[in-house]
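Quick notes on the structure that follows.
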Amino acid sequence: MGGMQGEMGMELWAIVPELTLAGLILLLLPLGPFLPERHKRLATWLALVGLLVVAAESARMLTFATQSVFLGTYAVDPFAVYFKLFAVAATFFVLLATQSHFRGNPYEGVVPALLLLACLGIMGLAASQDLALIALFIQLVTVSSYILVGISRENRLATEAAFKMFLFSATVGAVMIYGMVLLFGLTGTLRLPELASKLPAMPVVTTLAAFLLVLAGFGFEVTLVPFHTWAPDVYQGAPTPIAGFLSVGPKAAGLAVLLRTLVVAFPHNLGHWAELFAVLAAVTMTVGNLFALRQSSVKRLLAYSSIGQVGYMLIGVAAAERSTLAVPGMLLYLAVYLFMNLGAFLAVDAIERHVKSDEIQQLAGLGKRLPVPAAILALCLLALAGFPPFGAFVGKTYLFGAALAAGWAWLAVLMLVNVAISLFYYVRVLEPMYLRSSTEKPLPGTPVALRVALVLLGVGTLVSGVFPQEWALLATHASSLLAALIPH
Amino acid sequence: MLTLVIFLPLVGTLALYLVPLRRVWPWIAVVTSGLVLLASIVLAALFNWQSGTLQFEQQVAWIPSLGASYHLGIDGLSLPLILLTTLLTFLALWYAWKQEKYPREYFALYLVMETGLLGFFSTMDLLLFYVFFEIALVPMYFVIGLWGHERRVEAALKFFLYTRVGSLAVLLSILALYLGTNPHTFDLPAIIAARPFAGMSVTASLVLLGFLIGFGIKLPVFPLHSWLPDAHTEAPTEGSVILAGLLLKLGGYGLLRVALPTVPGAFSYWAVPIAALAVVSAIYGAAVAMAQADLKRLIAFSSINHMGYVLLGVAVAAVATASTADRAAAASGAAYQLLAHGLITGALFFLVGMLAERTGTREIRHLSGIWAALPLYGSILAFAMFASLGLPALADFAAEVQIMLGTLGVYRWAAVGMLIGILMTTAMFLWTLQRVLLGKTPSAWEKLPQLTSREIITLLPLVALIIVLGVFPGPLVHIINAALHSGLLGILWRGW
């Protein structure tokens, strides 16, 4: 398959969800700021309803035949649909939190539109088969993200974070585009399936150099070490729901585009990327987990923890061509990661609103003072640490097995060591919440929408572990068809 | 039926959180665990004691794409441990009736732990086995950390990290078995039948190493034991009872159920160093126990001593060249020791807790003449200590004799080492008895309140079972042996 089908290049049916979302954004962008103060939340409700529609439209596409549309630049496959649904879900939960988080903020009305814009970028990235499109959508995700990061202008940390993110992403973006240009110069095409047929004949060193430059851009989104340095500062400075969104949405998009690029454009381990990513996975998880050990801010700690988590998922990328467990494992893990990581961030958000700080010591006694957010945070942390019966444990089992099956016993053992280390810092957060008592009074409740999001995320974390089969099947379905687009 | 027994405690947990009345919580906890106990007794009654092989089998698809299923079944090896679990949990909750600090959470954690333990002892699927393993361990972190004594937070962390490393090592070995079996599966009988690592090879040795680290931390065996004294010292009384009585059994059971049948060749090859480690562990435990000033710590170290015998029994059972009779005796002794130790140490920790509650101290030097002050208590404590040092006609003796006989025929040096360990334990307990129970009663201890009926009811079943298991070991030894000899799960390697 692959290559060009549909001479017309105008297969609009293939982007119905994207079009719906774009329409919604075009409606909300001008509408948001002009909504009267009392009705600001209308924007959020509209966005939520719109996302449900987008989700339904995307889900319908699971049954569509795998094919390339728009002159081979855009893929219609379950892999893309999986990530589209992922983006919609992440945005949905974050909207439930931003609805109350930004109340009273002068830019309250535009937050939903910006989140939808980032969501659109992620959806586009999931399906793009063309390097130019990929660059475009990466910019879309990044630009909307850093506006969101800096939207609380009175907060100095947030402004600094936004600026840092902007500088970093601009630099990395330029490097990435330079790499893409190199690839274009080598092969005369930007389309991934065509690259696959031309690259093997090209000089290895140049190909590799170009690829590494492109990797910088993808690595930024994924927070791959050494392109991760922006993440802790930005997550700490950003409004917490936005930090949660960044830790989930763009990361998933980055992984999607990384996997698609590697598997489609560099098939059969062209340039030995499998070994490269095995090492990168090892470095990323180790750096993330080691740096997380010394953090005193929960958000920074979660930032490093999410780098560690990405390290585990990168095993799925590295072993993609070597083990049938790898890609399904990564997709499964991503889904659970959405629940548990977003759950942790939103719980911290709920806590932060009362405690006005995200320092670990300030969490003392919260198990009693704010039972629901504390319980969800505890559950998500245990899930992140890989305890059964939460979903991450099934995902970890897959990835673990993938590393062993790929012949990288060292990587499996290293992952094991990392998982063991990670417990150490997750416990540092759990401990003050439950084992230290506080004499202060119980705190008032959490906004309903946020509480709904927290409970849903908690339930998702648990159910995905107790009944993982349906999920595993969906993930396997989504990953098997990724390979169908590879020219043989 | 098995599913009902396993998940009944979770229903109780749910009930705890649905009922807002504080008065009712202890009732819910005790009634739930009582029902579980009853259900397990019914299970035992329905169990075919003649055959002793795998029964109540149930297999439902769980994660077919990963080759994992919800596969349950119990045999002569697991049934006694299930009964031990339901009994000790019931007694612990009954004893904890008056828990004042966060009672709801306290009861809920024990019930969750019970589900984990029951699941662990009755699953035939290795992934599920690991899941239940962790479910049984995590609540204990909170029990120690939240309801423990002064240094509880550090002790809880140490416990958590140690056991986590152990369970991950087990997971790695399980995955190696999974990938080694074609088609990939987590089903224990299928893996044993496929014999991926049955012979001696480097991989098989590594798999064994993972199991030894994981289950060795749980037993615990020297030098992986250092979490245990702290965890025991800091845990609340009921926590110590469950920890020593049940959680330590995960290690022994894991070795017998999973490690021996799946990597018999490597186990046989490495049996000498493992047996040596076991002997060192037993002697070390006894020696260090003797030096303890804290009564609870002393009992904690005596556990290391007793679990050393378990490992020794397992190691002897693994020796492929030894006679089947010796191996069977050692293995069944190890399994029997798990039960005996669960009952005796459970009783001992209850007793120490009762004493500390009255006197406010566990320091041995502050305690003397307790027998004169509390005659009934003193008698029961003396009885439990005698049982623990292996007095004939009591449960521990029946276990140690089997291990000893098995070892004698295989490794004479190890038998001598074990004998030294037993002698040291005897000396240690006698000396402790003398210091705590005999001697002059200080005036402060003269007015100590006698045992309450609640406490007597807690201890009575344990005392009775210690005697019954000592006097009539026959039926249990029979089903344990049946489980050891027959079917795929028969752990005595037939030298293929």
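Protein chains in written order, with the numbering used here: chain A, 586 to 1073; chain B, 12 to 507.
No residue lacks a Cβ here, since even glycine has one placed at the ideal position from N, Cα and C.
Item to check | A/ALA1060 versus A/LEU917 - alpha carbon distance | outcome: Rounded to the nearest whole angstrom, the CA to CA distance from A/ALA1060 to A/LEU917 is 6 Å.
Item to check | Ordered list of alpha helix (DSSP H) runs contained in the region 98-162 of chain B, each at least 4 residues | outcome: Taking only runs of at least 4 residues, the alpha helix (DSSP H) segments lying wholly in the region 98-162 of chain B are 114-133, 137-158.
Checklist entry - If you run the structure through DSSP and keep just helix, strand and coil, what is B/ASP241? => result Three-state result, B/ASP241: helix.
Next on the checklist: Here's the rule I'm using: 16 or more other beta-carbon atoms within 10 Å means buried, otherwise exposed. How should A/ARG741 be labelled?
Outcome noted: So A/ARG741 counts as exposed.
Checklist entry - Below 8 Å between beta carbons: does that hold for A/GLY976 and A/SER1049? => result Here A/GLY976 is near A/SER1049, since their CB atoms are less than 8 Å apart.
Next on the checklist: So, at 7 Å on beta carbons, what are the nonlocal neighbours of B/GLY127 in its own chain, with the 5 sequence-adjacent residues on each side left out?
Outcome noted: Closer than 7 Å at the Cβ level, and outside the excluded window around B/GLY127, lie PHE143, ILE146, ALA147.
Checklist entry - DSSP puts A/ARG776 in a beta bridge; with which residues? => result Beta-bridge partners assigned by DSSP to A/ARG776: A/ASP715.
Item to check | N-terminal and C-terminal residue of the alpha helix (DSSP H) that B/SER399 is part of | outcome: Boundaries of the alpha helix (DSSP H) around B/SER399: 386-399.
Checklist entry - If you measure beta-carbon to beta-carbon, which residues of the region 963-987 of chain A are closer than 9 Å to chain B? => result The region 963-987 of chain A vs chain B, Cβ under 9 Å: LEU967, ALA970, GLY971, PHE972, PRO973, PRO974, PHE978, VAL979, LYS981, THR982, TYR983, PHE985, GLY986.
Next on the checklist: Between the region 958-967 of chain A and the region 920-931 of chain A, can you find at least three pairs of beta-carbon atoms closer than 8 Å?
Outcome noted: Yes, the region 920-931 of chain A touches the region 958-967 of chain A.
Next on the checklist: Spatial neighbours of A/PHE812 within its chain, please: C-beta separation below 7 Å, excluding the five flanking residues on both sides.
Outcome noted: Counting only Cβ-Cβ distances below 7 Å, and skipping sequence neighbours, we find VAL757, ALA801, GLY804, PHE805.
Item to check | A/VAL895 versus B/LEU172 - alpha carbon distance | outcome: When only Cα atoms are considered, A/VAL895 and B/LEU172 end up about 23 Å apart.
Checklist entry - In chain order, what residues of the region 62-77 of chain B put their CB closer than 8 Å to some CB of chain D? => result No chain D is present in this structure, whose protein chains are A and B.
Checklist entry - Beta-carbon of A/TYR1019 versus every beta-carbon of chain B: anything under 8 Å? => result For A/TYR1019, the answer is yes, since a Cβ of chain B falls inside 8 Å of its Cβ.
Next on the checklist: My assumption, with CB atoms under 8 Å, is that A/PHE753 sits in contact with A/TRP815. Please give the rounded CB distance.
Outcome noted: Between A/TRP815 and A/PHE753 the Cβ distance is about 4 Å, and since that is below 8 Å, they are a contact.
Next on the checklist: Using beta carbons (cut-off 8 Å, strictly below), is B/VAL213 in contact with chain A?
Outcome noted: No, no contact with chain A.
Item to check | Opposing strand residues paired with B/ASP305 [DSSP bridges] | outcome: Bridge partners of B/ASP305: B/GLU374.
Next on the checklist: What does the alpha-carbon distance come out to for the pair B/ALA119 and B/VAL447?
Outcome noted: Rounded to the nearest whole angstrom, the CA to CA distance from B/ALA119 to B/VAL447 is 35 Å.
Next on the checklist: So A/GLU642 and A/VAL695 are supposed to be a Cβ contact under 8 Å. How far apart are they, rounded?
Outcome noted: The pair is not a contact, with the Cβ atoms about 24 Å apart (cut-off 8 Å).
Next on the checklist: What does DSSP give as the partner residue(s) for A/SER890 in the beta ladder?
Outcome noted: A/SER890 pairs with nothing; no bridge assigned.
Next on the checklist: Taking 8 Å as the cut-off, does the region 1030-1046 of chain A touch the region 677-693 of chain A (at least 3 CB pairs, one atom from each stretch)?
Outcome noted: Between the region 677-693 of chain A and the region 1030-1046 of chain A, the count of C-beta pairs closer than 8 Å reaches three or more; the two stretches touch.
Next on the checklist: Taking DSSP's pairing of strands, which residues face B/ALA79 in a bridge?
Outcome noted: DSSP lists B/ILE74 as partners of B/ALA79.
Checklist entry - Does the beta carbon of B/ILE146 sit closer than 8 Å to a beta carbon anywhere in chain A? => result Yes, B/ILE146 lies at the interface with chain A (some Cβ there is under 8 Å from its Cβ).
Checklist entry - Nearest to A/LEU831 by alpha carbon, out of A/LEU847, A/ARG845, A/THR808, A/ALA850? => result Restricting attention to A/LEU847, A/ARG845, A/THR808, A/ALA850, the CA atom closest to the CA of A/LEU831 is found in A/THR808.
Next on the checklist: Using 8 Å as the threshold, is the C-beta distance between B/VAL230 and B/LEU259 below it?
Outcome noted: Looking at the sequence provided, one finds Leu at residue 230 of chain B rather than Val. Yes, Cβ-Cβ distance for B/LEU230 and B/LEU259 is below 8 Å.
Checklist entry - What whole-angstrom Cβ distance do B/GLY263 and B/ALA345 have, given they're in contact under 8 Å? => result The distance from the Cβ of B/GLY263 to that of B/ALA345 is about 6 Å, consistent with a contact at the 8 Å cut-off.
Item to check | Assigned exposure category for A/GLU622 - 16 Cβ within 10 Å defines buried | outcome: The residue in question, A/GLU622, is exposed, as its Cβ has fewer than 16 Cβ neighbours within 10 Å.
Checklist entry - If you check the beta carbons only, do B/ILE294 and B/ILE414 fall under 8 Å apart? => result No, they are not a contact pair.
Next on the checklist: Helix, strand or coil, according to DSSP, for B/ASP508 in the structure here?
Outcome noted: Because chain B here runs from 12 to 507, residue 508 of chain B falls outside it and cannot be looked at.
Checklist entry - Should the region 159-170 of chain B be regarded as contacting the region 235-247 of chain B, the criterion being three or more beta carbon pairs within less than 8 Å? => result Yes, the region 159-170 of chain B touches the region 235-247 of chain B.
Item to check | 6 Å CB neighbourhood of B/ILE285 in its chain, flanking five on each side removed | outcome: If we look at B/ILE285 and ignore the five residues flanking it on each side, its Cβ neighbours are ALA326.
Checklist entry - Taking buried to mean at least 16 other C-beta atoms within 10 Å of its own C-beta, is A/GLY588 buried or exposed? => result Interpretation of A/GLY588 is limited by its pLDDT of 39, a score under 50 that renders its predicted location unreliable; the figure taken from the coordinates is listed afterwards. By the neighbour-count rule (16 or more Cβ atoms within 10 Å), A/GLY588 is not buried but exposed.
Next on the checklist: I'd like to confirm the pairing. Which residues does DSSP put opposite B/ILE85 in its beta bridges?
Outcome noted: According to DSSP, B/ILE85 bridges with B/GLN66.
Next on the checklist: Buried or exposed for A/THR727, going by 16 or more other Cβ atoms inside 10 Å?
Outcome noted: A/THR727 counts as buried, since at least 16 other C-beta atoms from the protein chains shown sit within 10 angstroms of its C-beta.
Checklist entry - Which residue or residues does DSSP assign as beta-bridge partners of A/SER653? => result Paired residues: A/ALA660.
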